[in-house]
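> Dumping the structure here so I can ask a few things about it.
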Amino acid sequence: LRVANFLFGEENSPLLDAAIALLDSLDKSTIRFVKATPSGRSVYIVRGSKSMEYFCLNNYCSCRSFFERSKQFGKDTVCKHLLATRLAPYLLPSFYMEIVPDAEFSAFIVNRCT
Numbered sequence: 103l104r105v106a107n108f109l110f111g112e113e114n115s116p117l118l119d120a121a122i123a124l125l126d127s128l129d130k131s132t133i134r135f136v137k138a139t140p141s142g143r144s145v146y147i148v149r150g151s152k153s154m155e156y157f158c159l160n161n162y163c164s165c166r167s168f169f170e171r172s173k174q175f176g177k178d179t180v181c182k183h184l185l186a187t188r189l190a191p192y193l194l195p196s197f198y199m200e201i202v203p204d205a206e207f208s209a210f211i212v213n214r215c216t
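Positions 103 to 216 (the numbering used here) are the ones given, in order, by the sequence shown.
Here is the structure:
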């Protein structure tokens, strides 16, 4: 965590704290990793602090904060949800993972959006 704090700097310390708070909730359904087989397409679904679910891809999150930060800072933006997905494999090795067939992946995403 000290390395992450160094990499993100003091100005992003609240962001790191918020991501850690998401991980500290210890609710296995807070962060879900869904992977399609055999294509390997994947998405993280993160439940935020207000119980809203957000989709996180490699460099994108569907939350309002990410949208606002990307308008302000450009392409190298992260939000607490993206940061939590990047830290989760190291800090929460038992977070929820779901494997779905390619044929069901799109339907799974659409159903989560409605």
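Think of the CB as a built atom: it goes at the ideal place given N, C-alpha and C, for glycine as much as any other residue. Every value quoted in this text rests on a predicted model; they were computed, and no experiment measured them.
Just verifying my parser: in three-state terms, what is the DSSP assignment at Pro-203?
strand
> Given this structure, state the Cα-to-Cα distance separating Thr-187 from Val-145, to the nearest angstrom.
10 Å
> In whole angstroms, what separates the C-alpha of Leu-193 from that of Lys-177?
26 Å
> Expressed to the nearest angstrom, what Euclidean distance is found between the alpha-carbon atoms of Glu-200 and Lys-152?
23 Å
> Please report the straight-line C-alpha distance between Leu-128 and Tyr-198, rounded to a whole angstrom.
Reliability fails at Leu-128, whose pLDDT of 48 lies under 50, so the model's placement of it is uncertain and the value that follows must be treated cautiously. Between Leu-128 and Tyr-198, the C-alpha separation is close to 11 Å.
> In terms of DSSP beta bridges, what is Cys-163 paired with?
Cys-158
> Kindly indicate which three-state DSSP category Arg-143 falls into: helix, strand or coil?
coil
> Could you check if Arg-134 is buried or exposed, using at least 16 other CB atoms within 10 Å of its CB as the buried criterion?
buried
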